[in-house]
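Have a look at the structure below, then the notes.
Residue numbers (mature numbering (1 follows the signal peptide of the UniProt record, and there is no 0)): -19 to -1, 1 to 552.
Encoded structure:
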């Protein structure tokens, strides 16, 4: 079938999937794999600077090969939505191309319940067409069948078979390593799968140092453990190799953030936002269909607030708050993520600044669906912020009544959030992250209630230890689950209750996870100052000034640090 004779059938692709079911020609298969919410989009654009992968496929069309390669590179860039469009285009160019349908299986529908039927149909097409495919392609199609039926762990042996038979196939190696990773143990040592992934990725990068997939996945494997600095070269390489792929421009920020280089992290997130904003505007695509857009702004909120750039953090939060969800996409994964992130981002900034009254005022549960997990999450955070504000002002009128009320409300809202646990759905991941964060905060808030008002020198660690334990159980999250590390928060508690030595232990602990953080340095400085140790206090005030070098003008912490150093010159 030539492209010219194919044109009449392609018109069918722009109609709903149900209207395609009676089609019998090969090009009508496209209707079965076309997610309904994509049918009105124009043909995707050819893109440069998005990666350097090329996998030779069986096709009669050079254009199909080009679209396939573009889709493959976009998969490595976690740009699944756009990859899906490219693989659809490859199938249009060559309806008999098995690997075009493989790409459809690998991209957006696999992560979106809305298009699960289309993904199944694409797998059927890929398997039917595999008889004409190469041995390498047949292995890829066998792999994606296992992926769909049993998850990524079952796909790893199939990918291993590809890399054994075709040792120069670095794309199969990259996917294999991404799915091999299984985190680190409590001692910070890589688990078996992670160690194997690190070894394979490093070997692959010796063959192709600029391979975008290998560099990207090396960051994701290493960032979960203490040796994340081993991925710095990958962080440097990605934006140079693929400046047109938003998520790959974003990825260096992960490493810089972990290293405590918050301004460098912000620079990466700003650059990513420019790339993705331009894409969404030009293509007229809703932000909920580009998961990294939300993720990137969320990370920018953290990185900016951690270095005292509250104005920038609030601006990023405002962009999230203004992001709309099209009516037909209200049940998408992106919409659920937006509900949880956008409704709380402004509050997180105020919480990082210690302005819990402003944080509580910014949390509007009525803006979210009644009974939803996101609404219970917002209600919990609002009670937490009311509680923290009152705990900071124990002598205020009605403080005891407010504490009693919010203590009860916290437990009530946590139970409601727990009960709202959705079945496996587009909301599941967002709910799980929110629930885990609230579980830590619940224990932390009980530690505050246990200790505020006690005699100085006496510190109850029961709930504090529980909060720390819950944090360690929570695992790695990007960005972190809590805007203020739980150990740092406990440091402020110990300091407020007259326990500077205990406070220092918590602040030092928090610096393990939020390196070079001016907030923790400020706490350490105050702890030493409270004991009259001017030398150590000045030392940490100096570190505080360095950490907040790019902070907002007039930041109180900077003024405090400079004044203390001026008043206590070291002889």
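We put the beta carbon where it would ideally sit given N, CA and C, even for glycine.
Inter-segment contact for the region 430 to 440 and the region 459 to 469 is absent: fewer than three beta-carbon pairs are separated by less than 8 Å. Fewer than three pairs of CB atoms, one per stretch, sit closer than 8 Å, so the region 325 to 334 makes no contact with the region 375 to 387.
Comparing C-alpha distances from residue 27 to each of 36, 369, 71 shows the shortest one belongs to 71. Judged by DSSP secondary structure, residue 220 falls within the alpha helix (DSSP H) whose first and last residues are 213 to 222.
In this structure, DSSP gives residue 171 an extended state, which the three-state scheme calls strand. Within its own chain, the residues whose Cβ lies closer than 8 Å to the Cβ of residue 295, once the five positions on either side in sequence are excluded, are 327, 330, listed in chain order. Residue 159 sits away from residue 177, with the two beta carbons spaced by 8 Å or more. Cβ contact annotation for residue 211 (same chain, cutoff 6 Å, sequence separation greater than five): 203, in chain order.
Residue burial annotation: residue 400 is exposed, with fewer than 16 other C-beta atoms found within 10 angstroms of its C-beta. Pairwise C-beta distances place the region 476 to 484 in contact with the region 508 to 521, as three or more of them are shorter than 8 Å. When secondary structure is reduced to three states using DSSP, residue 165 falls in the strand class.
Between the alpha carbons of residue 246 and residue 298 lies a distance of about 17 Å.
For the pair residue 21 and residue 267, the Cα-to-Cα distance works out to about 13 Å. Counting along the chain, residue 244 sits inside the alpha helix (DSSP H) bounded by residues 243 to 264. Only residues of its own chain outside the window of five on either side were considered, and among them none has a CB closer than 7 Å to the CB of residue 138. The alpha-carbon of residue 441 is positioned some 10 Å away from that of residue 475.
One alpha carbon belongs to residue 534, the other to residue 289, and they sit about 9 Å apart. For the 8 Å CB-CB criterion, residue 438 and residue 473 do not form a contact.
In the DSSP annotation of this structure, the continuous segment of the alpha helix (DSSP H) that includes residue 429 starts and ends at 409 to 432. In this structure the region 308 to 320 does not lie against the region 361 to 371, because fewer than three pairs of beta carbons, one per stretch, are closer than 8 Å. For residue 455, the enclosing alpha helix (DSSP H) starts and ends at 443 to 455. In this structure, residue 540 sits away from residue 522, with a CB-CB distance that is not shorter than 8 Å. By the C-beta density criterion, residue 527 is exposed, having fewer than 16 other C-beta atoms within 10 angstroms. The DSSP-derived three-state label of residue 516 is helix.
The C-beta of residue 37 has fewer than 16 other C-beta atoms within 10 Å across all chains shown, which makes the residue exposed.
Taking every protein chain shown into account, the CB of residue 171 has 16 or more other CB atoms within 10 angstroms, so this residue is buried.
A distance of 8 Å or more separates the beta carbons of residue 519 and residue 502. Taking a contact to require three or more Cβ pairs closer than 8 Å, the region 142 to 151 and the region 113 to 126 qualify as touching. Where residue 146 is concerned, the enclosing alpha helix (DSSP H) starts and stops at 133 to 146. For residue 406, the three-state secondary structure derived from DSSP is coil. The Cβ atoms of residue 287 and residue 243 lie closer than 8 Å to each other. In this model, residue 201 and residue 382 are separated by some 47 Å (Cα to Cα).
Between residue 88 and residue 121, the C-beta gap is not smaller than 8 Å, which leaves the two residues out of contact.
The closest CA to that of residue 307, considering only 270, 275, 226, is found on 270. Judged by their CB atoms, residue 240 and residue 496 are nearer to each other than the 8 Å cut-off.
Straight across, the Cα-Cα distance linking residue 499 with residue 517 is about 15 Å.
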